[in-house]
Amino acid sequence: MLRIAHRLDLQLRAAMDRAFPEQAAAARQASQPLDPQLAPASKPEFGDFQANGALALAKPLKQAPRQIATAIVAQLQADPAFTDLCLEPQIAGPGFINLTVRPERLAAEVSARLGDQRLGVPAVEQAAPVVVDFSSPNIAKEMHVGHLRSTIIGDSLARVLEFRGHPVLRLNHVGDWGTQFGMLITHLKQVAPDALDTADAVDLGDLVAFYREAKKRFDDDEAFQTTSREEVVKLQGGDPVSLKAWGLLCDQSRREFQKIYDRLDIRLNERGESFYNPFLPAVIDGLKDAELLVTDDGAQCVFLEGVQGKDGKPLPVIVQKSDGGFNYATTDLAAIRYRFGAAPDGDDARRVIYVTDAGQANHFAGVFQVAQRAGWIPEGARLEHVPFGLVQGEDGKKLKTRAGDTVRLRDLLDEAVERAETDLRSRLNEEERSESEEFIQHVAGTVGLAAVKYADLSQNRITNYQFSFDRMLALQGNTAPYLLYAVVRIAGIARKGGDLEVLTGQLQFSEPQEWALVRELLKFDAVIAEVEEELLPNRLCSYLFELSQVFNRFYDQVPVLKADAEALPSRLALCRLTADTLKSGLGLLGIPTLDRM
RNA sequence: GGGGCUGUAGCUCAGCCGGAUAGAGCGACGGUUUCCUAAACCGUAGGUCGUGGGUUCGAGUCCCGCCAGCCCCGCCA
């Protein structure tokens, strides 16, 4: 309906110009043209759209809002293009103008979407690269629940942007550099030197244990700390022994990460922190040239504007430590320059999106400010932190295992699939259905992972997220199983003889449930546009849930296969477009669908 | 101390550029199956939108104060 909304907006503006020529001209001169405030109708009984602009004009025009609305409507009715599109507008309440699109126009919109891969979503015209930076686990650690949201949300946002036609660079900014490596390598040199020059000498689980030990020593032992720092400097200086050890550790971790990504069907290009190593000195030079750099306590800093620390002094972003080493702020700045920079040493991006937890908001705000002041953000480019809240257990505290450890992502996914399998088996039992082992594994795997993804995505990402297997796997409510079931129902119609591919001429609808479904289906383009702009996947989830509800109502109350000969093709067309929209929408959430479950 | 986020029904949460009587789901209670998968559908009950001011024709939404919870605050990422 975006095209129709756009057309209506223009028609409304023209009508306002004709109704109030002097005020319209004056408003345009003040570069605040009269706004019809066109919005989707807040309730179905108000039609398809509402224009609230008359209310705002009451004061400047010194007229009653309903009188203003009447004048605008009179002008609209004089416009043949408008009367061709809409029924007679209704003025309601204090002065709302309610607009209802002609049924035949809605039916024509549905027709146009049948068989359209894009489902009415326009492709972007100017396609500049978009960077989505997400997931970002640390080398030598296992992926855990802390990586869940970034990975799932980032992937979904990338999919939506790709669907709109943007060239998307999915970057995995893995933690493969810095102090942590100094600690690990120093520790391994002492306790497991094999791991540093032989591939797979220890497995990843051991490596994680070594890492934990190293971290403990680092925190407790000053001498170890110093050696570790020296090790980092060696690594950053390109010492061959350190580099080889580092390479082996990275390979090993990378393979483990890939297993998770394969399982979740997530595509990512690894470009870790180390990638930006050669560009770090230029960051310092650049900041020096921009006269932003200040030496403080031996460290190179940029002091932030508008952000005060404990003592009321401006807060610094440290870009070079007193020992000469660089840190994450330096890397992030180098990454910003690279991503906005021109090829070959740059990505030429116009939008860069970071999907990381909300706890890093201060860090990014600081880094973005420095980049801005250094002039590294091109005119019109967008640099956005997409924050999300913590994953909490049902007790409202940070999610932990019963033993109090961090939950491994692998275990979390396993449990979701296991629970889905248990549910499925007991259901099959109850219904006295018999299915192959292959069917059970496939359905349980799909439903389990879909549930994990959907539960996360369906929540506004800003707030903390309460993780609950029971809720996400529930068969009713705003859950993946409920949505998947709607798709299964349509597949059932196709199996039972409904030819969804049949092409019909004129679509015709008679039942309110059909019209409700038509109107819901036509909202898809606006929802995608909104997610692209706001980067909130939960908006897409809400839409798909509502679409499923409207479809289930239709399915329950209106016969499809047993419909009259005249109604049948149109109803099959609705089923087809619903299935396509649900599959496409779920696909943008990274969730595959099933024909039977 | 400074900064950020959050506070909406018993629970988990939506709420779009400020717009009409604040919405879902779960849970509770009641109903629906000779018919395309009842994993569904229909209905009932449930609200001082943390709180006090302000702006506005109109505030859950914007501004200011306060309260509560979570997170961050110099050489980890």
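Everything in the first sequence is counted per this note's numbering, starting at 137 for the first residue and increasing by one.
Cβ atoms here follow ideal geometry from the backbone N, Cα and C, with glycine treated the same way.
A quick note: this is a predicted structure, and the numbers were derived from the prediction, not measured.
R164 lies in the beta strand (DSSP E); which residues open and close that run?
No beta strand (DSSP E) holds R164; the alpha helix (DSSP H) holding it covers 157-165.
Have a look at A652 and V686 and give me their C-alpha separation to the nearest angstrom.
So the two alpha carbons sit approximately 7 Å from each other.
Helix, strand or coil: which one does DSSP assign to L305?
strand
For a test of the three-state rule: what should DSSP assign to F660, helix, strand or coil?
Residue state, collapsed to three classes: helix.
Output needed for K370: all residues of its chain with C-beta closer than 6 Å, excluding positions within five of it in sequence on either side, in chain order.
S378
When burial is assigned at 16 or more other CB atoms within 10 Å of the CB, is P273 buried or exposed?
buried
Hey, quick one: how far does the alpha helix (DSSP H) through V453 stretch, first residue to last?
V453 -> not in any alpha helix (DSSP H); beta strand (DSSP E) instead, spanning 450-456.
For P523, name the three-state secondary structure that DSSP assigns.
strand
With DSSP as the reference, please indicate the residues paired to Y490 in a beta bridge.
D269, H521
Could you have a look at E406 and say whether DSSP puts it in helix, strand or coil?
strand
Whole-angstrom Cβ separation of I288 and D312, contact assumed at under 8 Å?
Not confirmed; about 22 Å, so no contact.
In whole angstroms, give me the CA-to-CA distance for P303 and A210.
46 Å
If you draw a straight line from the C-alpha of S167 to the C-alpha of G516, how long is it?
21 Å
Please return the same chain residues whose Cβ sits closer than 6 Å to the Cβ of C677, not counting the five positions on each side in sequence.
So the list reads L593, S594, once near-sequence residues are dropped.
Cβ of G584 within 7 Å of Cβ of V543?
At least 7 Å separates the beta-carbon of G584 from that of V543.
Close Cβ partners of E245 (< 6 Å) along its chain, the five nearest in sequence each way excluded
L658
Could you spell out where the alpha helix (DSSP H) holding L197 opens and where it closes?
189-197
Starting from P216, follow its DSSP beta bridges and name the residues at the other end.
Looking at the DSSP assignment, P216 forms no beta bridge with any residue, so it has no partner.
Determine the burial state of N614: buried for a count of at least 16 other Cβ atoms within 10 Å of its Cβ, exposed for fewer.
Its Cβ being crowded by 16 or more others within 10 Å, N614 is buried.
Let's test the definition: count the other Cβ atoms within 10 Å of the Cβ of T431 and tell me whether it reaches 16, buried, or not, exposed.
exposed
With distances taken Cα to Cα, identify the nearest neighbour of I629 among R732, L535, D559, R399.
R732
Out of L197, A163, L144, state which residue places its alpha-carbon closest to the alpha-carbon of A187.
L144
Does G641 come out as helix, strand or coil in the three-state DSSP assignment?
The answer is coil: DSSP assigns G641 none of H, G, I, E or B.
Determine which residues share a DSSP beta bridge with A435 and list them.
DSSP lists D432 as partners of A435.
With a Cβ-Cβ cutoff of 7 Å, do T334 and E367 count as a contact?
7 Å or more divides the Cβ of T334 from the Cβ of E367.
Which of helix, strand or coil DSSP assigns to Q168
coil
Alpha carbon to alpha carbon, how far is G314 from N463? Give it in angstroms, no decimals.
7 Å
Which class does R544 belong to by DSSP, given the choice of helix, strand or coil?
strand
Cross-strand partners of F575 (DSSP beta bridge)
Within the DSSP secondary-structure output, F575 pairs in no beta bridge.
If contacts are defined as beta-carbon pairs under 8 Å, then D215 and A151 qualify, I think. What distance do you get, rounded to the angstrom?
Contact holds; Cβ gap of about 7 Å.
Helix or strand or just coil, what does DSSP make of Q326?
Secondary structure at Q326: helix, using DSSP grouped into helix, strand and coil.
Pairing CB atoms from the segment 486-498 with CB atoms from the segment 254-267, are three or more of them under 8 Å?
Contact between the segment 486-498 and the segment 254-267 is present: three or more C-beta pairs spanning the two stretches fall below 8 Å.
Local conformation of R443 per DSSP, three classes
Reading off the sequence shown, one finds Val at residue 443, where the question assumed Arg. In the structure shown, V443 sits in a strand (DSSP, three-state: E or B).
Q612 by DSSP, collapsed to three states: which one?
coil
From G482 to L469, what distance separates their C-alpha atoms?
13 Å
Relative to the C-alpha of P230, which candidate in Q199, W512, A616 has its C-alpha closest?
Q199
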